[in-house]
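Reviewing the structure listed below.
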Amino acid sequence: MTDLREFDVVLFGATGYTGELALGELVRRGAGLRLALAGRDAKKLEAVRTRLAAGVPEASKLPILVADAHDRPALDGVARRARVVCTTVGPYALHGEDLAAACAEAGTHLCDLTGEVTFMRRSIDRNDATAARTGARIVHACGFDSIPSDLGVLLADEAMRVRAGVPCDEATLEVLSLRGGASGGTLASMFTLVEEARRDPAIRKLLLDPYALNPEGERQGPDGPDPMGVESTQDAYLAPFVMGAVNSRVVRRSNALLGYRYGRDFRYREVSRFPKTPKGFLAATSLAAGLGAFVASVATPGLGRLVRAALPKPGAGPSLEERERGRFRLRVVGVSRAAHVERRVVVRVEGDRDPGYALTSVMLAESAVCLASDPLTSPGGVLTPATAMGMSLVERLRRAGLVLTAD
Ligand SMILES: NC(=O)c1ccc[n+]([C@@H]2O[C@H](COP(=O)([O-])OP(=O)(O)OC[C@H]3O[C@@H](n4cnc5c(N)ncnc54)[C@H](OP(=O)(O)O)[C@@H]3O)[C@@H](O)[C@H]2O)c1
């Protein structure tokens with residue numbers, strides 16, 4: 001990786017709902033960061049720059065790069081001019097593949113917001129060896145999917161090692177509360193995935209594979225299918241967490257890329273936790289049933305069109321007031337049973353604005369600056385947030401106001 005690149009970070013997708021938020025975060029991190037905005041429509045990009053400059057006057061000087069996500073020579077040009085390309089152009093399965101390949105070949109780091117397992121698998125297969133050779137860190141899932149999970153488990157394992165000298169044998173991410181909206185772009189990505197799965201049995205098989213993102217030849221381990229129904233424990237009702245099927249694959253890839261730091265028998269799952277009360281039971285069963293019904297409805301051609309028509313369109317998302325009212329409270333419970341002694345650590349991962357957009361844009365911006373500026377030791381390859389940036393990113397997110405703490 002050379003330092004002679006013209007830009008530290010290029011934000012690709014600046015005209016989108018999340019892209020403009022992420023660009024705002026990058027501009028506010030400002031001083032000394034050589035930043036440019038990119039997209040396919042010069043006029044829309046100029047309008048974004050003008051809006052930003054109303055709050056931060058220096059933004060008026062930001063260079064604009066024009067490239068379509070399907071114009072490979074133009075993407076090669078963007079990749080060669082930047083140390084890091086940070087992209088919010090999605091659905092990634094439709095628009096992300098050429099850019100990831102261009103960055104891998106140019107030795108340019110990339111971070112994005114994909115939560116699409118199929119796209120990540122294709123990127124691993126196509127780009128991992130190239131990126132390992134060029135030194136590019138290609139880091140998918142740098143938003144609410146899957147940074148809290150991936151860094152939460154890293155911290156739980158670290159705390160267990162410091163306190164007891166052993167790794168975690170298992171970890172569970174529990175969603176304690178979550179308040180936030182959905183953008184049209186996020187829904188479009190979900191619909192694309194459901195559509196792909198409906199058409200192609202190989203994709204359905206991949207989505208059901210708990211180790212779908214592990215290196216080839218290492219796609220096995222002790223974890224089985226994702227939890228679907230409601231489970232009753234001594235003090236709680238547990239329902240599925242909507243993003244668990246993505247985050248768990250990322251965490252398992254981190255374990256593999258870290259040389260099985262959490263152990264070859266490490267088990268991981270994600271759940272939504274509700275109190276052991278009648279109201280808690282009702283909430284857990286409604287969540288489990290609602291999730292199943294939603295997936296079934298969007299996968300049913302006629303009904304899917306109706307459901308989609310009623311939801312936000314690409315470019316739209318939660319208002320500023322809704323983003324400010326949002327919040328999330330998660331905890332990762334790590335367990336070790338080494339030498340037949342049960343030990344527990346609890347890591348809190350919390351934030352006080354909308355997790356999917358306000359805080360996702362903070363996570364993405366911090367990932368981009370971390371990749372551009374921090375003295376990272378990870379090799380090139382298709383990595384995960386924990387394996388590419390690890391504790392450097394944890395420290396950055398803490399300074400940005402997120403809670404990532406082992407109690
Ligand atoms: N992981 C997470 O936690 C998380 C959170 C938020 C969002 N996301 C993901 O982030 C992505 C963006 O979401 P969003 O709500 O910001 O979507 P959006 O508002 O629809 O924005 C999409 C962006 O992609 C651009 N684009 C589309 N086709 C393009 C092409 N052919 N060439 C160049 N640019 C193109 C659009 O440009 P135009 O303006 O020119 O149309 C726009 O800038 C989605 O995949 C979503 O799932 C993930």
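Going by this note's numbering, the residue at position 398 of the sequence shown is 398; the numbering climbs one at a time, nothing skipped. Cβ coordinates follow ideal geometry from the N, Cα and C atoms, glycine included.
Inset, instruction - Report the three-state DSSP secondary structure of F274 (helix, strand or coil). - result: Numbered from its first residue, the sequence shown carries residue 274 at position 274. Per DSSP, reduced to three states, the secondary structure at F274 is strand.
Legend entry - Enclosing alpha helix (DSSP H) for F7 [first to last residue]: As a working mapping, residue 7 is identified with position 7 in the sequence shown. Looking at the DSSP string, F7 is not in any alpha helix (DSSP H); the run it does join, the beta strand (DSSP E), is F7 to F12.
Inset, instruction - Would you grab the beta carbon distance between T114 and A136 for me? Rounded to a whole angstrom, and I think it's under 8 Å. - result: Position 114 of the sequence shown, counting from 1, holds the residue named residue 114. Position 136 of the sequence shown, counting from 1, holds the residue named residue 136. That pair is no contact at about 16 Å.
Inset, instruction - May I ask whether a heavy atom of ligand 1 can be found less than 7 Å away from the beta carbon of D145? - result: For this step, residue 145 is matched to residue 145 along the sequence shown. Yes, Cβ of D145 sits closer than 7 Å to a heavy atom of ligand 1.
Inset, instruction - Name the residue from T300, D223, T172 and A74 whose alpha carbon lies nearest to the alpha carbon of R198. - result: If you number the sequence shown from 1, residue 198 lands on position 198. Cα-wise, what sits closest to R198 is T300.
Inset, instruction - With a threshold of 16 other CB atoms inside 10 Å of the CB of G19, please say whether the residue is buried or exposed. - result: For the purposes of this step, residue 19 is identified with residue 19 of the sequence shown, where counting begins at 1. Burial state of G19 is buried, judged by a 10 Å Cβ sphere holding 16 or more other Cβ atoms.
Legend entry - For H70, the three-state DSSP class (helix, strand or coil): The sequence position of residue 70 within the sequence shown is 70, counting from 1. Secondary structure of H70 (DSSP, three-state): coil.
Inset, instruction - On a CA-only basis, which of G334, G221 and L99 is nearest E270? Give me that one, please. - result: Against the sequence shown, residue 270 aligns to sequence position 270. Ranking G334, G221 and L99 by Cα distance to E270 puts G334 first.
Inset, instruction - Between the Cα of R331 and those of D128, D145, T172 and A59, spot the shortest distance and give me the residue it belongs to. - result: Within the sequence shown, the letter at position 331 stands for residue 331. Among D128, D145, T172 and A59, the Cα nearest to that of R331 is on T172.
Inset, instruction - Would you identify the three-state DSSP class for T2, choosing helix, strand or coil? - result: Residue 2 sits at position 2 when you count from the first residue of the sequence shown. Low confidence applies to T2: its pLDDT is 45, below 50, so where it sits in the model is not reliable enough to give any reading.
Inset, instruction - Compute the minimum distance between the beta carbon of K44 and the heavy atoms of ligand 1, and state whether it is under 7 Å. - result: Sequence index remark: in the sequence shown, residue 44 carries index 44 (1-based). K44 has its CB nearer than 7 Å to a heavy atom of ligand 1.
Inset, instruction - Can you grab the Cα-Cα spacing for the pair T2 / E322, in whole Å? - result: For the purposes of this step, residue 2 is taken as the residue at position 2 of the sequence shown. For the purposes of this step, residue 322 is taken as the residue at position 322 of the sequence shown. Low confidence applies to T2: its pLDDT is 45, below 50, so where it sits in the model is not reliable, and the reading given next is rough at best. Going from the Cα of T2 to the Cα of E322 covers about 42 Å.
Legend entry - C-alpha gap between L257 and G263, whole angstroms: Reading the sequence shown from its first residue, position 257 is the one you call residue 257. Reading the sequence shown from its first residue, position 263 is the one you call residue 263. Approximately 12 Å, taken between the alpha carbons.
Inset, instruction - Mind checking which residues open and close the beta strand (DSSP E) that includes E350? - result: Here residue 350 refers to the residue found at position 350 of the sequence shown. Counted as a single uninterrupted DSSP element, the beta strand (DSSP E) harbouring E350 occupies residues R343 to G351.
Inset, instruction - Determine the DSSP secondary structure at C168, reduced to helix, strand or coil. - result: Locating residue 168 in the sequence shown gives position 168, counting from the first residue. Reduced to three states, the DSSP call for C168 is coil.
Inset, instruction - Examine the Cβ distances between the region 381-397 and the region 241-257 and report whether three or more of them are shorter than 8 Å. - result: These segments touch.
Inset, instruction - At 4 residues or longer, and completely inside the region 127-192: list those alpha helix (DSSP H) runs for me, N to C. - result: Within the region 127-192, the complete alpha helix (DSSP H) runs of at least 4 residues are 147-164.
Legend entry - Check: T118 C-beta below 7 Å from any heavy atom of ligand 1: What you label residue 118 is simply residue 118 of the sequence shown in a count that begins at 1. Answer for T118: no, Cβ out of range of ligand 1.
Legend entry - First through last residue of the beta strand (DSSP E) which encompasses P318: Taking the first residue of the sequence shown as position 1, residue 318 is located at position 318. Segment: none, P318 is in no beta strand (DSSP E) and carries neither H nor E.
Legend entry - Exposed unless 16 or more other CB atoms sit within 10 angstroms - verdict on A31: Your numbering for residue 31 matches position 31 in the sequence shown. Residue environment: A31 is assigned as exposed (fewer than 16 neighbouring CB atoms within 10 Å of its CB, all protein chains considered).
Inset, instruction - Take D150 and list the residues in its own chain whose beta-carbon comes closer than 6 Å to its own, dropping the five residues that flank it on each side. - result: If you number the sequence shown from 1, residue 150 lands on position 150. Within the same chain, and ignoring the five residues on either side of D150 in sequence, the residues whose Cβ sits closer than 6 Å to its Cβ are V250, V251, S254, T384, P385 and A386.
Legend entry - heavy atom of ligand 1 below 7 Å from P210 C-beta: Here the question's residue 210 lines up with position 210 in the sequence shown. Residue side-chain check: P210 keeps its Cβ at 7 Å or more from all non-hydrogen atoms of ligand 1.
Inset, instruction - Taking all protein chains shown into account, decide if D169 is buried (16 or more other Cβ within 10 angstroms of its Cβ) or exposed. - result: By one-based count along the sequence shown, residue 169 stands at place 169. Burial call: buried.
Legend entry - Buried versus exposed, by CB contacts within 10 Å (16 or more), V341: Taking the sequence shown and counting its residues from 1, the one referred to as residue 341 is at position 341. Its Cβ having fewer than 16 others within 10 Å, V341 is exposed.
Inset, instruction - Note the first and the last residue of the continuous beta strand (DSSP E) segment covering G381. - result: Along the sequence shown, read from residue 1 onward, the residue named residue 381 stands at position 381. Element bounds for G381: G381 to L383.
Inset, instruction - Report whether the distance from the Cβ of L113 to the nearest heavy atom of ligand 1 is below 7 Å. - result: Here the question's residue 113 lines up with position 113 in the sequence shown. The answer is yes for L113.
Inset, instruction - Note down the Cα distance separating E158 from G356, rounded to an integer number of angstroms. - result: By one-based count along the sequence shown, residue 158 stands at place 158. By one-based count along the sequence shown, residue 356 stands at place 356. Going from the Cα of E158 to the Cα of G356 covers about 26 Å.
Inset, instruction - Going by DSSP, name the residue or residues bridged to G39. - result: Working through the sequence shown from its first residue, we reach residue 39 at position 39. Answer is V66.
Inset, instruction - Can you grab the Cα-Cα spacing for the pair R261 / L21, in whole Å? - result: For the purposes of this step, residue 261 is identified with residue 261 of the sequence shown, where counting begins at 1. For the purposes of this step, residue 21 is identified with residue 21 of the sequence shown, where counting begins at 1. Distance between the alpha carbons of R261 and L21: 35 Å.
Legend entry - Strand pairing of A239, partner residues [DSSP]: Your numbering for residue 239 matches position 239 in the sequence shown. Beta-bridge pairing links A239 to S272.
Inset, instruction - Indicate, with yes or no, if ligand 1 has a heavy atom lying under 7 Å from the CB of A69. - result: In the sequence shown, the residue the question calls residue 69 occupies position 69. Yes, since a heavy atom of ligand 1 falls inside the 7 Å radius drawn around the Cβ of A69.
Inset, instruction - Return yes when the Cβ of G380 is within less than 8 Å of the Cβ of A36, no when it is not. - result: Position 36 of the sequence shown, counting from 1, holds the residue named residue 36. Position 380 of the sequence shown, counting from 1, holds the residue named residue 380. Not a contact, by the Cβ cut-off of 8 Å.
Inset, instruction - Please indicate yes or no: does the CB of T18 lie closer than 7 Å to some heavy atom of ligand 1? - result: The sequence position of residue 18 within the sequence shown is 18, counting from 1. The answer is yes for T18.
Legend entry - Rounded straight-line distance, which links the Cα of G351 to that of V9: Start at 1 with the first residue of the sequence shown, and residue 9 comes out as number 9. Start at 1 with the first residue of the sequence shown, and residue 351 comes out as number 351. Answer to the nearest angstrom: the Cα atoms are 25 Å apart.
Legend entry - D128: CB within 7 Å of a non-hydrogen atom of ligand 1: The sequence position of residue 128 within the sequence shown is 128, counting from 1. False, no ligand heavy atom lies under 7 Å from that Cβ.
Inset, instruction - Out of V78, L94, P91 and T118, point me to the one whose CA is closest to A104's CA. - result: Counted from its first residue, the sequence shown places residue 104 at position 104. Measuring from the Cα of A104, the nearest candidate turns out to be V78.
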